[in-house]
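Here's the structure we're looking at; comments come further down.
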Amino acid sequence: MVSPFVLVLCLTLLLLFFFNHKHRTIKKSPPRPPGPRGLPIIGNLHQLDNSVLFLQLRQFSKIYGPLFSLQFGLRPAIVVSSAKIAKEVLKTNDLVFSDRPNLPSQQKLCYKGYDMVFQPYNDSWREIRKICVVHILSNKRVSTFASTRKFEVKQMIKKISEQASSSVVTNLSELLISLSSTIICRIAFGRRYEDEGTEKSKFHDMLNEFQALLATFFVSDYIPFTGWIDKLTGLNARLDKNFKEMDQFYQDVIDEHMDPNRQKPEEEDIVDVLLRLKKQDTLSIDLTTNHIKGILMELLVAATDTTAATVVWAMTALIKNPRVMKKLQEEVRNFGGGIKKFLDEEDVQEFPYLKVVIKETLRLHLPAPLLVPRQSNENCLIDGYHILAKTMVYVNAWAIHRDPQIWKDPEEFYPERFLDSSINFQGLDFELIPFGAGRRMCPGSAMALASVELILANLMYSFDWELPHGLVKEDIDTEILPGITQHKKHPLCLYARCVNTT
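Taken in order, the sequence shown gives residues 7 to 508; the numbers are from my numbering.
This is the structure:
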């Protein structure tokens with residue numbers, strides 16, 4: 007008879023064998039992406055500088071790889087710094103990463119989900135995006151504003167010509183911000199603020215404060231129970247004040263358009279379009295006044311800053327690369343025998359070198375270095391790593407555009423790299439994503455490029471450009487200002503010499 011001890015021993019060995027075998031056959035769950043160690047509660051927030059975040063994130067990627075993790079307070083985050091992984095996130099798993107993080111400060115400024123950029127991924131967002139793509143930002147709609155762009159660019163050329171005849175230096179940074187805001191105001195609101203004195207100043211002050219707040223770090227966005235800190239520092243008061251001012255501005259614009267005595271323009275502006283859609287009531291959602299304000303807000307902020315910044319960076323690159331500038335000037339000036347006084351948008355389509363100069367500008371100096379953050383709506387695998395639901399996703403487009411594994415001499419401004427290349431920025435080539443990709447791709451590329459191409463072509467056509475006396479091209483810096491848009495830190499000031507004038 008077998009003793010109880012032997013039976014217990016055999017049973018123990020059998021159980022050990024079973025559990026050991028099970029442990030060996032079950033695969034380990036995929037790891038989380040690597041990343042710098044953080045502190046309790048605040049995570050990695052103490053290690054980050056919001057003013058140069060994209061530069062810091064690129065340095066982290068050199069240590070931890072093209073996909074790494076961070077902890078923004080209580081919010082987990084990952085950072086993507088390669089085209090391969092960007093494709094996984096923005097295309098292969100686009101639906102998983104189609105949401106936006108719910109940051110209270112952004113929600114306050116952007117009408118709590120009534121806008122397009124920061125609204126969660128839902129039926130309302132899809133309808134708002136459809137409105138923007140079909141009725142506001144389509145090629146057909148963009149072309150209807152060609153006369154507005156032409157008039158305002160000609161006014162700028164005239165102003166530069168006057169400065170050139172008086173040998174006055176031209177502050178291109180200031181001039182281009184004024185031009186781009188005037189164009190978008192006329193397109194969106196049907197009016198300009200350029201000649202309205204204190205009203206113009208108030209308008210630009212509100213807009214600058216809005217943009218500054220979007221780029222400001224609110225502790226309560228990442229650690230919910232610390233709202234008292236933002237209140238104590240005065241950030242909440244600034245947020246409330248700016249929102250009320252901007253909201254009143256949009257309301258005044260809407261009221262003006264609804265005035266039965268208002269003289270209707272020949273072409274509808276964007277407020278007219280939105281009010282007409284609201285009145286027709288044929289959409290799948292109830293288009294409210296807040297929806298209209300949210301759309302106007304994003305058009306105003308996105309179009310003003312990015313257009314001006316892109317042209318300033320293009321002119322900066324050209325003045326630092328005389329060979330490229332000369333080649334571009336020859337292309338635009340040889341068109342039609344050089345007898346025209348002004349280049350129209352139809353003319354601009356005949357300039358392949360102009361287009362690659364702009365493409366190279368958007369590669370090297372894209373206006374938004376970090377794409378607007380997304381958020382995962384479920385657990386998933388990216389590049390073999392486990393990504394939890396509700397994880398914020400930052401795509402560092404600036405790092406991708408300067409990746410030496412993709413681009414030869416990535417820090418060099420060399421437009422010729424695109425002459426025999428099929429790479430474009432329509433969201434299919436993840437090496438070049440200034441407008442993003444996938445469902446959340448910016449739909450405003452046609453409107454942005456229409457202005458950028460027209461402005462740059464005529465700056466090259468009408469003037470020769472020289473540095474202020476005593477400066478050489480190496481003195482022109484490429485430092486940037488803090489903010490969501492990559493503006494040149496120091497204004498670009500050049501002398502213009504007239505070649506063709508209006």
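All residues carry an ideal CB built from backbone N, CA and C; glycine is no exception. Since we're looking at a predicted model, the values are computed, not measured.
| Check | Outcome |
| --- | --- |
| F78 versus D483, P488 and T397, residue with shortest Cα-Cα distance | T397 |
| Counted within 10 angstroms of its Cβ, other Cβ atoms place G390 as buried (16 or more) or exposed | exposed |
| Contact set for L181: own chain, Cβ-Cβ below 8 Å, skip 5 residues either direction | M162, K165 and I166 |
| Where the beta strand (DSSP E) containing I393 begins and where it ends | Y391 to I393 |
| Alpha-carbon spacing of P266 relative to N177, whole angstroms | 42 Å |
| Cβ shell of P39 (< 7 Å), same chain only, five flanking positions each side left out | L73, F74, S75, I84 and Y391 |
| Residue nearest to D121 in terms of C-alpha spacing, selected from D258, L305 and R268 | L305 |
| Local Cβ density within 10 Å of Q239, reported as buried at 16 or more and exposed below that | This sequence places Thr at residue 239; Gln is not what is there. Exposed, by the Cβ-count rule. |
| Residue closest to A443, alpha-carbon to alpha-carbon, out of P230, V140, I91 and T222 | I91 |
| Reduced DSSP secondary structure (H/G/I, E/B, other) of K495 | coil |
| Under the three-state DSSP convention, the category D55 falls into | coil |
| First through last residue of the beta strand (DSSP E) which encompasses R81 | R81 to V86 |
| C191 in three-state terms, based on DSSP | helix |
| Residue burial classification, K37 (beta-carbon count within 10 angstroms, cutoff 16) | First, the amino acid is wrong: residue 37 is Pro here, not Lys. Burial call: exposed. |
| Collapsed DSSP secondary structure at N248 in the structure displayed | helix |
| Start and end residues, alpha helix (DSSP H) containing L109 | Where L109 is concerned, there is no enclosing alpha helix (DSSP H), given that its DSSP letter is neither H nor E. |
| Identified DSSP bridge partners for T154 | Looking at the DSSP assignment, T154 forms no beta bridge with any residue, so it has no partner. |
| Of the residues S153, V458, E352 and K247, the one placed nearest A309, counting alpha carbons only | V458 |
| Pairwise C-alpha distance: I406 and H371 | 12 Å |
| Residue from P271, F348, I364 and C448 with nearest C-alpha to L425 | I364 |
| Coil, strand or helix - N327 by DSSP | coil |
| Where E417 falls, given that 16 or more other Cβ within 10 Å makes a residue buried | exposed |
| Within 7 Å, strictly: CB atoms of L487 and K479 | no |
| Reduced DSSP secondary structure (H/G/I, E/B, other) of H27 | For H27, the predicted structure reports a pLDDT of 46, less than 50, and the residue's modelled location is therefore unreliable. The matter cannot be settled from this model. |
| Beta-carbon gap between G450 and L143 smaller than 7 Å | yes |
| Range covered by the beta strand (DSSP E) that runs through L75 | What sits at residue 75 in the sequence shown is Ser, not Leu. Start and end: L73 to F78. |
| Close-in-space but distant-in-sequence residues of the same chain around Y467 (CB under 7 Å, 5 per side omitted) | V338, R339, L349 and N506 |
| Bounding residues of the beta strand (DSSP E) (the contiguous stretch that carries L462) | Where L462 is concerned, there is no enclosing beta strand (DSSP E), although the alpha helix (DSSP H) it sits in stretches over S451 to S468. |
| Continuous alpha helix (DSSP H) stretch holding L387: start and end | Where L387 is concerned, there is no enclosing alpha helix (DSSP H), although the beta strand (DSSP E) it sits in stretches over C386 to I388. |
| Near the ligand ATP: S104 beta-carbon under 6 Å from a heavy atom | Questions concerning the ligand ATP fall outside what the structure shown contains, since it holds no ligand whatsoever. |
| Reduced DSSP category for T294 - H, G, I as helix; E, B as strand; rest coil | coil |
| Where S226 falls, given that 16 or more other Cβ within 10 Å makes a residue buried | buried |
| Simplified DSSP assignment, three categories, for T322 | helix |
| Simplified DSSP state of D105, which is helix, strand or coil | strand |
| Beta-carbon gap between L241 and E351 smaller than 7 Å | no |
| Coil, strand or helix - L477 by DSSP | coil |
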